[in-house]
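These notes concern the structure reproduced below.
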Amino acid sequence: MTTQAQETLQALGARLRGFRKDAGYTSGRAFAHATAWHESKISRIEHGKQRPSEDDIRTWCQITGQSDQIGDLIAIVRHVDEL
């Protein structure tokens, strides 16, 4: 993975973490429970260690009330694939 791709994933993760916190999920554990995902998946995505799938983005945005951001975030994920 290129440095640019890693930096992009880290920025995306920070943005998703902000969505989670703004939605009232103060911990990754609480959000993992809401999504039925493992806590480590939340952590890896938020820290840019794992590229979220398009379905992950949709779920994350719907649960956090940020559905209007889905298109933009999917475009970012697709761009990472090109880096």
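In terms of my numbering, the sequence shown opens at residue 51 and continues consecutively.
Idealized CB from N, CA, C, for every residue including glycine.
Nothing here was measured: the structure is a model prediction, and the numbers come from that model.
For this session: Go through its chain and collect everything with a Cβ distance to Leu143's Cβ below 7 Å, but skip five positions before and after it.
Result: For the chain, the structure presents residues 51 to 133; residue 143 sits outside this window and is missing.
Exercise. Within 10 angstroms of its Cβ, does Asp122 collect 16 or more other Cβ (buried), or is it exposed?
Worked result: Exposed: under 16 other Cβ atoms inside 10 Å.
Exercise. Smallest Cα separation from Ala64: which of Ser93, Ala86, Gln54?
Worked result: Across the set Ser93, Ala86, Gln54, the C-alpha of Ser93 shows the shortest separation from the C-alpha of Ala64.
Exercise. Who are the near neighbours of Ile124 in its chain, counting only those whose CB is closer than 6 Å to its CB and skipping five residues on each side?
Worked result: Excluding positions up to five away in sequence, the list reads Glu104, Ile107.
For this session: Would you mind sorting Gly115 into buried or exposed? The rule is 16 or more other CB atoms within 10 Å of its CB.
Result: A residue is called buried once 16 or more other Cβ atoms fall within 10 Å of its Cβ, and Gly115, having fewer, is exposed.
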